[in-house]
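See below for the structure under consideration.
There are 2 protein chains.
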Amino acid sequence: MRRMTARPANAHQARLLRALRDSGPNSRAQLGDETELSRSKLAVEVDRLLETGLVVADGLAASRGGRRSHNIRLAPGLRFLGVDIGATSVDVAVTNAELEILGHLTHPMDVREGPVAVFEQVLNMVQKLRDSGVADGFDGAGIGVPGPVRFPEGVPVAPPIMPGWDGFPVREALSQELGCPVMVDNDVNLMAMGEQQAGVARSVRDFFCVKIGTGIGCGVVVGGVVHRGMTGSAGDIGHIQVDPEGRQCACGNRGCLEAHFSGAALARDAEAAAREDRSVELAGRLEAAGRLSAADVAAAAAAGDGVALDLIQEGGARTGQVIAGLVSFFNPGLVVIGGGVTGLGHHLLASIRTQVYRRSLPLATGNLPIVPAELGPAAGVTGAVRLISDHLFSPA
Amino acid sequence: MRRMTARPANAHQARLLRALRDSGPNSRAQLGDETELSRSKLAVEVDRLLETGLVVADGLAASRGGRRSHNIRLAPGLRFLGVDIGATSVDVAVTNAELEILGHLTHPMDVREGPVAVFEQVLNMVQKLRDSGVADGFDGAGIGVPGPVRFPEGVPVAPPIMPGWDGFPVREALSQELGCPVMVDNDVNLMAMGEQQAGVARSVRDFFCVKIGTGIGCGVVVGGVVHRGMTGSAGDIGHIQVDPEGRQCACGNRGCLEAHFSGAALARDAEAAAREDRSVELAGRLEAAGRLSAADVAAAAAAGDGVALDLIQEGGARTGQVIAGLVSFFNPGLVVIGGGVTGLGHHLLASIRTQVYRRSLPLATGNLPIVPAELGPAAGVTGAVRLISDHLFSPA
DNA sequence: CGTACTTCTTCCTGTTACGGGACAAAGACG
DNA sequence: CGTCTTTGTCCCGTAACAGGAAGAAGTACG
């Protein structure tokens, strides 16, 4: 299949492409309404896009009362690849240019095995997707890694949980493998972009997105744009202090949020409770599985286990405490809670909400929804394809 | 004097005006270099600006090796007014279009006396400045108030420390009085803009500016633009919790930063120490003045008083603790510390730095200057005139 | 002092972008 | 079948714009 070589030649074409991406196939007339381009200009630019093959005609549009219009859509053969490397798993997905997921694979994998092993796994999964027929080649790829990234170069910098990745040229390597443009970002930023593209944050311009997985991170969106900070480490809230006399954290400090609540901390606490026989429910699960995870705590809580509920409640309170501070500082229009522990569901959310609404000023919380993420495991890969398509659908 | 009626007609003119504002009188050639406009375009736009009277010719520029150029400068008669209403004082300043302060008055005043009284005071001071001859009328005014503002309307909303101001049409009222455009913002945001315009933050695009005065607030600048948040309360960090079992705060919660450290809290603590005879130095000052302020603590610390130093050290640690969290979240390129208590000087700064560098990740703090504000009492008014000039020097 | 070279400004022209009117095409509606 | 609406195309006048040419006003140097 011929791959996308052309790029929008100007800002107008870029706007048209994004409009087509976000609202699907569209008639010229509707496009004109949306982008507020004059008819002549629209005709010229659409014709050029048709020439380059980025968009194609696609049957007739529904009539709006007069002559029927021909639909325009992004070339149906375009394919984007989204890769989400988590601490303990890898997600790979293929989408069309409208960012609809055509194929999605997940594989458990420890990121600490290093970039070479992980890349091998990713390329394996990509091959599987190729074999399944959803894609031949790719026009662009986005990839997220669980640590800070020097964004312009697409290189992880000083990632705490993934030694061996520091300085590894992720962008360059993947681009070489796939033969297409690649963009790299923090996995949490991608989650935020995913929710902004296709999830709960679709119409919000200032929000943040807390991801509670193995660790805790936070994607910050200001004016519709991801805020990455000076060194790409914005949103790194896992090591904010929640208790001066709190637990020792791997980072060397005391009382970090992550030490008190995260997928890893929760599992540890649950196992401790099980061993100390404080919870029959958890003890049984530990017996059965040999170890516990956040999912076990969720299940125990759903079964009414008091200890599990307490763990969730306290974790939510800790998280809420931090979020309350950030809400005061940032005054967002929405807070999204996502990540592996979203299985903890309503209990966690309620606990967070209580804390935030109690601790932040009414002016900031008055109209502040705190909601669970909508996309689940697809958020990361959706954000990844959004990232690369934003890049490609922008004027050169 | 004829007042500015014209506004830049397009983005190019706006850019030219801002360039002239920020780098002073300039030759056409240099302007061309700075704004990267073609000679023809530059000539046309400059001519139009000359016609409208916004800029004037101003003698010959220094030669750069060939024919000398005529200088262009912003009309010397343009006058902006900056008003900074603090919790306990009012600042009023007049600047020219290059935002150089031509006259500056300060007057102690309790904002709780309400908008009518404060406005009367402000207008009084304005009249004094007028009488001194630095200005006749004004082409625009910026005004800062110590509380959240609904920015587009220029109206304070639910300000905790200034009851009676809620909903008062500050913008409308001042505009009526002065007969010129007015913009209103939070005083802390203005301080940040001031430091960005003429202080330490001149070349930084992402930073925040912590103002420790009667209360504590924080101006957040993202990509060179002040971030005001959804309801205009961004940066309201005074009520972030620093100690779950901490002091009771006026807001109803426990352990707010402001309850533990701020101009007001510091004075209270110092008086307590004086009464309990823990510090001879402070007791003496209390005796002399009848009450203590942050300045007294600063003086006592300078004299080597241990209690005063401890107070500063602990306050700095509390503040640093909060800032550390915000640094992790936001990853700024600079942190500015300002406000009334900057008199506390190096001790405070050192204490804050220690805490931030210890508690935030190296990636975020590695190249993070934490510096005192440069402009002192002029920051607010400078930010205010910057605000209005940004507004006026933008395409209609 | 004169000549060569720079820099700066103005004038001019060809190109491109753009908006909107006129008109044709295609369907909706009665 | 006729009329109305919507859509797409063509076309033209206007404005924006870049860059060349030439003149004005300096400097550098013999």
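Protein sequences, first through last, are from chains A and B. With the first sequence counted from 1, adding 621 to any position gets you my numbering. With the second sequence counted from 1, adding 621 to any position gets you my numbering. Cβ atoms here follow ideal geometry from the backbone N, Cα and C, with glycine treated the same way.
Worksheet item: Per DSSP, which one or two residues make a beta bridge with VAL956(A)?
Response: In the DSSP output, where bridge partners are listed per residue, VAL956(A) has PHE829(A) and ILE991(A).
Worksheet entry | Of the residues ALA945(A), GLY856(A), ALA635(A) and VAL962(A), the one placed nearest PRO1016(A), counting alpha carbons only | ALA635(A)
Worksheet item: How long is the line joining the alpha carbons of GLU793(B) and GLY698(A), rounded to whole angstroms?
Response: 56 Å
Worksheet entry | Close beta carbons around PRO769(A), own chain, < 8 Å, minus the five adjacent residues each side | Around PRO769(A), the same chain offers PRO777, VAL778, ALA779, PRO780, ASN807, THR852, GLY853, SER854 and ASP857 as residues with beta carbons nearer than 8 Å, after the five sequence neighbours per side are excluded.
Item to complete: Could you tell me the distance, in whole angstroms, from the CA atom of LEU702(A) to the CA atom of PRO790(A)?
Response: 18 Å
Worksheet item: Taking only beta-carbon atoms, is THR942(B) less than 9 Å away from chain A?
Response: Residue identity check: residue 942(B) is Gln in the sequence provided, not Thr. Chain A contact via Cβ: present.
Discussion item. In the DSSP output, what is ILE837(A) paired with across the bridge?
Written reply: Bridge partners of ILE837(A) according to DSSP: ILE833(A).
Fill in: Span of the alpha helix (DSSP H), counted from its first residue to its last, around PHE950(B)
927-951
Worksheet item: So which residues on chain A does MET583(B) lean against when the C-beta distance must stay under 8 Å?
Response: Summary: the structure shown does not reach residue 583(B), with chain B confined to residues 622 through 1017, and so no result is reported for it.
Worksheet item: Between MET746(A) and GLU734(A), what straight-line distance do the alpha-carbon atoms span, to the nearest angstrom?
Response: 17 Å
Discussion item. Would ASP1011(A) pass as an interface residue toward chain B - the criterion being a Cβ-Cβ separation below 9 Å?
Written reply: no
Worksheet item: Hey, out of GLN742(A), ARG771(A), GLU719(A) and GLU721(A), whose CA is closest to PRO729(A)'s CA?
Response: GLN742(A)
Practice prompt. Report yes or no: do three or more beta-carbon pairs, one from the segment 965-979 of chain B and one from the segment 830-843 of chain A, lie closer than 8 Å?
Written response: no
Worksheet entry | Bridge partners - MET804(A), DSSP secondary structure assignment | GLY763(A)
Practice prompt. Report the three-state DSSP secondary structure of PRO777(B) (helix, strand or coil).
Written response: strand
Item to complete: Return the CA-CA distance between GLY876(A) and GLY884(B), expressed in angstroms with no decimal places.
Response: 28 Å
Discussion item. If I measure Cβ to Cβ from VAL615(B) and keep anything under 8 Å in the same chain, skipping five residues before and after, which residues do I get?
Written reply: No answer is possible for residue 615(B): the residues shown for chain B start at 622 and end at 1017.
Discussion item. I need the straight-line Cα distance from LEU663(A) to ASP757(B), nearest angstrom please.
Written reply: 51 Å
Worksheet entry | First through last residue of the beta strand (DSSP E) which encompasses SER644(A) | That residue, SER644(A), is in no beta strand (DSSP E); its alpha helix (DSSP H) goes 632-644.
Practice prompt. Would you mind sorting GLY845(B) into buried or exposed? The rule is 16 or more other CB atoms within 10 Å of its CB.
Written response: exposed
Item to complete: Please compile the residues from chain A whose C-beta is within a distance smaller than 8 Å of the C-beta of SER900(B).
Response: Residues of chain A passing the Cβ test: none, with the nearest at roughly 26 Å.
Worksheet item: Would a C-beta distance cut-off of 9 Å place ALA682(A) and HIS691(A) closer than the cut-off?
Response: yes
Discussion item. For chain A, check one thing: does any of its Cβ atoms lie closer than 9 Å to the Cβ of SER949(B)?
Written reply: yes
Worksheet item: Which first and last residues belong to the alpha helix (DSSP H) in which THR1003(B) is found?
Response: 999-1013
Discussion item. Taking the alpha-carbon of SER644(A) as reference, which of LEU907(A), ASP926(A), ALA922(A) and ARG823(A) has the nearest alpha-carbon?
Written reply: ARG823(A)
Worksheet item: What residues in the segment 838-862 of chain A have a beta carbon less than 9 Å from any beta carbon of chain B?
Response: CYS839, VAL841, VAL843, GLY844, VAL846, HIS848, ARG849, GLY850, MET851, THR852, GLY853, SER854, ALA855, GLY856, ASP857, ILE858, GLY859, HIS860, ILE861 and GLN862
Fill in: Delimiting residues of the beta strand (DSSP E) encompassing ARG694(B)
From DSSP, the beta strand (DSSP E) with ARG694(B) extends over 691-695.
Item to complete: Counting only the same chain and skipping the five closest in sequence on each side, list residues whose C-beta sits under 7 Å from that of THR986(B).
Response: Counting only Cβ-Cβ distances below 7 Å, and skipping sequence neighbours, we find VAL948, VAL977 and TYR978.
Practice prompt. Could you tell me the distance, in whole angstroms, from the CA atom of GLY997(A) to the CA atom of PRO990(A)?
Written response: 18 Å
Practice prompt. Measure the alpha-carbon distance for CYS801(B) versus PRO767(B) and round it to whole angstroms.
Written response: 22 Å
Worksheet item: When the cut-off is 9 Å and only beta carbons count, does LEU1008(B) lie next to chain A?
Response: For LEU1008(B), the answer is no, since every Cβ of chain A falls outside 9 Å of its Cβ.
Worksheet item: chain B partners of ARG974(A), CB-CB under 7 Å?
Response: Neighbours of ARG974(A) on chain B: none; closest Cβ ~16 Å, over 7 Å.
Worksheet item: Between the beta-carbon of THR709(A) and the beta-carbon of THR1003(A), is there less than 9 Å?
Response: no
Worksheet item: Is the CB-CB distance between ARG700(A) and LEU723(A) below 9 Å?
Response: yes
Practice prompt. Report the residue ranges of all beta strand (DSSP E) runs contained in full by the segment 648-726 of chain B; include only those spanning at least 3 residues, in chain order.
Written response: Within the segment 648-726 of chain B, the beta strand (DSSP E) runs of at least 3 residues that lie entirely inside it are, in chain order, 676-681, 691-695, 701-706 and 710-716.
Item to complete: State the Cα-Cα distance for the pair PHE759(A) and ILE693(A), rounded to the nearest angstrom.
Response: 22 Å
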